[in-house]
Amino acid sequence: MLRMSQLFLRTLRDDPADAEVASHKLLVRAGYIRRIAAGIYSWLPLGYITLRNIERIVREEMDRAGFQEVHFPALLPKEPYEATNRWSEYGPDLFRLQDRRGGDYLLGPTHEEMFTLMVKGEYSSYKDLPLTIYQIQTKYRDETRPRSGIIRGREFVMKDSYSFDIDDAGLQKSYDDHRDAYIKTFNRLGLKYSIVSAMSGAMGGSASEEFLAPCDTGEDTYVLCNSCGFAANVEAMSTKVLPQKFDTPPAIEVLDTPNTPTIESLVEVMNSKYQANITAADTLKNILLIADDQAICVLVPGDREVDLKRLQANLPGIQELRLFDDEDFSKRKELVKGYVGPQDAKRFGITLYADPRIQAGSHWITGANQANKHARFVTEGRDFTIDHYVEAAEVRAGDLCPRCDTPVVIDRAIEIGHIFQLGRKYAQSLDLTVLDKDGKPVVVTMGSYGIGISRAVAAIAEQTHDEIGLKWPREVAPADVHIVATGKDDEPFTKALEIGSELERAGLRTLVDDRRDPSAGVKFKDAELIGIPVIVVVGKGLVNGVIEVRNRWTNTKNEISLSSAITEIQAVVKSL
RNA sequence: CGGGGCGUAGCGUAGUGGCUAGCGCGCCUGGUUUGGGACCAGGAGACCGGAGGUUCGAAUCCUCUCGCCCCGACCA
110 MLRMSQLFLR TLRDDPADAE VASHKLLVRA GYIRRIAAGI YSWLPLGYIT LRNIERIVRE
170 EMDRAGFQEV HFPALLPKEP YEATNRWSEY GPDLFRLQDR RGGDYLLGPT HEEMFTLMVK
230 GEYSSYKDLP LTIYQIQTKY RDETRPRSGI IRGREFVMKD SYSFDIDDAG LQKSYDDHRD
290 AYIKTFNRLG LKYSIVSAMS GAMGGSASEE FLAPCDTGED TYVLCNSCGF AANVEAMSTK
350 VLPQKFDTPP AIEVLDTPNT PTIESLVEVM NSKYQANITA ADTLKNILLI ADDQAICVLV
410 PGDREVDLKR LQANLPGIQE LRLFDDEDFS KRKELVKGYV GPQDAKRFGI TLYADPRIQA
470 GSHWITGANQ ANKHARFVTE GRDFTIDHYV EAAEVRAGDL CPRCDTPVVI DRAIEIGHIF
530 QLGRKYAQSL DLTVLDKDGK PVVVTMGSYG IGISRAVAAI AEQTHDEIGL KWPREVAPAD
590 VHIVATGKDD EPFTKALEIG SELERAGLRT LVDDRRDPSA GVKFKDAELI GIPVIVVVGK
650 GLVNGVIEVR NRWTNTKNEI SLSSAITEIQ AVVKSL
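Mapped onto this note's numbering, the consecutive letters of the first sequence carry residue numbers 110 to 685.
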């Protein structure tokens, strides 16, 4: 039993000035967390109980699935991370430090290397596999911009697991087991979520799915089809194009279009000067980029932007991708900024990538590769040839579902879990092999699975809070029942404590507000802010032998008789 | 890293060159209250983020610096 008179807690009446999102404001106001530095928070008793509840649920579901818990240090030497190149590849997001002898260390951002090496150190036979191990660990990433309180911190608690299998079928099974365990876990956490494809699968069929908790303040955007249930990260969304037949257009016509470097101005000039009656979607946008030192051109319909994140995700071989800058344009005089067209790409030695909407045989209004001139009837297959199709255009609400052709909606969400088939990347670079039946070494294939534990606190708060405060699902809440004693006599207070102890004996967790000083109103406000789902008020009803039970979830209150209080409260808790 | 904003008591804030830096919440003491963030009286708590400068005089002006928030870029 927690007692408010003893609890290390101070609630705040005003929103903290540095908080923007609801979870952040409420967790601070209700005394769950306090900020220490940007993206770094301390947990006070109520918050820490809540965090540990989530940890416990995750742990129970992992254990039930047969996965085993281990624990690595957060402070790690650089050597394993050098072996996989991540010491350099991870870049400035890695927290690095040195010991007194000048040795390089890091604060672990994720632990693939350590898990791989641990297995390598212990196991060497196919008979030892499959194996899945996990840990719950504090992770560190020096994010360029931590934000939204606890949603994106630089220090955060994460559960990460890794599966080890001898072959692809085994990996698939381990992956599916994890997926099931995650479904059970998030259901218990009381989160609404979508399971969303995260990668196009173009790369060796490596499956990857994200568990996204929809909410307005989420920082991930994803696509959802309300008709068939298809859900995908925008990067993984594939464009659905209804095939069209095109008549053969006349030969290319070059037109004078002075001062029309933008699509908008082009459409204006075409319609006013040439009576073309077109929209931006009839024009072709040619975006020049440098992809690992090679110039490439990406073609999208003129009414769409190129989504660089999507493009990057769909160009797996490319490490660095950036837009042409003025210097690039000045180095290649044949490419006229604002008047680029695909028809001379071969001659210019530029690879053409195109959005699937640039269909075979389609024709477009586009740049003429001369200043102040555009060309029309520029036809795919005749005047230019696409080298590769790529998902590069921004995804919009109303685009067609790739599975059932229904217009999709776009939603925002917080990523709370991610499962994916890592394959042999780490096993290879760290040389994790086991002997197979024939005594031959085979490289182990791995899966990697994460749940943001501290982030889940915020995600739940975002999804469940209301105007007056937090509102926790029962298993997550810092207690099952919040008992408020009111009045100036001793009786409600002794009674409240009595009920508290009886409920504890019956297996419920309770928080009793036994403070004598604050008025009833203050205690009600605090109870609502703190968000324990069942609030019991012991006060003026006592003379009639009744107390009041409030349910934050159904937003109802009932008077119940003192004599049956324990069973009735238990029933309400159970009903949640 | 680019753009914008902000640092004044534990929290929220007022104060744009001139008295002892003001108010609300919270905190302490005493009293009245006790079912919706009560009231009265008294009190503690701030080197105004830091350094340097201008000035008779700086929270206030200038320079530098540190920190924080938001948008963007970035994010296994």
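Note that beta-carbon positions come from the ideal geometry of N, C-alpha and C, so glycine has one too. It should be emphasised that the depicted structure is a prediction, and the values quoted were computed from it without experimental measurement.
Nearest to residue i by alpha carbon, out of the options?
i, options, result
"L420", "L432, G411, D412", "L432"
"D464", "V378, K666, V407", "V407"
"V681", "S670, S672, R659", "R659"
"T676", "V631, G609, F320, L351", "G609"
"R583", "V137, S684, H220", "S684"
"R413", "Y448, F457, E503", "E503"
"R112", "L280, A636, N664", "A636"
"A758", "K418, I678, R261", "Any answer about residue 758 is impossible in this case: the structure gives the chain only from 110 up to 685."
"P352", "D514, A147, G630", "D514"
"S108", "M379, T663, N664, E657", "Because the chain here runs from 110 to 685, residue 108 falls outside it and cannot be looked at."
"P516", "T460, E198, K649, M346", "M346"
"L185", "T330, T603, N653, T247", "T247"
"A147", "H180, D251, P323", "D251"
"V332", "K293, L651, R512, E576", "R512"
"K455", "K442, I405, K549, A605", "I405"
Check the DSSP bridge columns for residue i and list the partner residues they point to.
i, result
"G447", "Partner(s): none; G447 has no beta bridge."
"P516", "L509"
"S151", "R143"
"C334", "According to DSSP, which records beta bridges pairwise, C334 is partnered with nothing at all."
"G532", "M555"
"C406", "L397, L461"
"N342", "Y331"
"V566", "DSSP, once it has assigned bridges, lists no residue as partnering V566."
"V266", "T247"
"L121", "In DSSP, L121 forms no bridge with anything."
"G690", "As shown, the chain starts at 110 and ends at 685. That puts residue 690 outside it, with no answer to give."
"Q428", "In the DSSP output, where bridge partners are listed per residue, Q428 has none listed."
"G687", "Residue coverage of the chain in this structure runs from 110 to 685, which leaves residue 687 outside it and unanswerable."
Exposed or buried, residue i, counting other C-beta atoms within 10 Å across all chains shown (16 or more means buried)?
i, result
"N368", "exposed"
"S270", "buried"
"G314", "Because G314 sits at a pLDDT of 45, beneath the cut-off of 50, its placement in the model cannot be relied upon, and the following sentence gives the value as read from the coordinates. Counting Cβ neighbours within 10 Å, G314 comes out exposed, since fewer than 16 surround it."
"I163", "buried"
"F265", "buried"
"F529", "buried"
"D123", "exposed"
"P239", "buried"
"Q115", "exposed"
"C510", "buried"
"E500", "buried"
"P255", "buried"
"R195", "buried"
"Q572", "buried"
"I669", "buried"
"L300", "buried"
"G211", "exposed"
"K134", "buried"
"E344", "buried"
Please find out if some non-hydrogen atom of the ligand MG comes closer than 8 Å to the beta-carbon of residue i.
i, result
"L420", "Looking at this structure, you won't find the ligand MG or any other ligand, since it has none at all."
When you compare only the Cα positions, how much space is there between residue i and residue j?
i, j, result
"F204", "Y214", "9 Å"
"R505", "T494", "27 Å"
"D622", "V593", "5 Å"
"H483", "V415", "21 Å"
"A615", "R521", "41 Å"
"Y291", "G526", "8 Å"
"D285", "L393", "43 Å"
"M312", "L531", "Confidence in M312 is poor, its pLDDT being 42 and thus under 50, which makes the residue's placement unreliable; the coordinate value appears in the next sentence. Rounded to whole angstroms, M312 to L531 spans 11 Å at the Cα level."
"G258", "A570", "12 Å"
"S309", "H497", "At S309 the pLDDT is 44, less than 50, meaning the model places this residue with poor confidence; the figure from the coordinates comes in the next sentence. Each residue's Cα considered, the two are about 15 Å apart."
"A131", "P358", "56 Å"
"F486", "S439", "28 Å"
"F355", "H472", "8 Å"
"P323", "S303", "7 Å"
"F339", "S306", "9 Å"
"T401", "N423", "First, the residue type needs correcting, since residue 401 is Asp and not Thr in the sequence shown. Looking at the two C-alpha atoms, the distance is approximately 15 Å."
"M223", "P189", "7 Å"
- prompt: Along the chain, which unbroken stretches of the beta strand (DSSP E) at least 3 residues long are found entirely within the stretch 233-258?
  reply: 240-249
field: Ordered list of alpha helix (DSSP H) runs contained in the stretch 191-217, each at least 4 residues
entry: 195-198
query: Which runs of the beta strand (DSSP E) fall wholly inside the stretch 594-674 and span at least 3 residues, in chain order?
result: 619-622, 643-647, 655-660, 665-670
- prompt: Taking only runs of the alpha helix (DSSP H) that begin and end inside the stretch 276-326, which ones reach a length of at least 4 residues, in chain order?
  reply: 277-297
field: Continuous alpha helix (DSSP H) assignments of at least 4 residues falling wholly in the stretch 338-386
entry: 372-382
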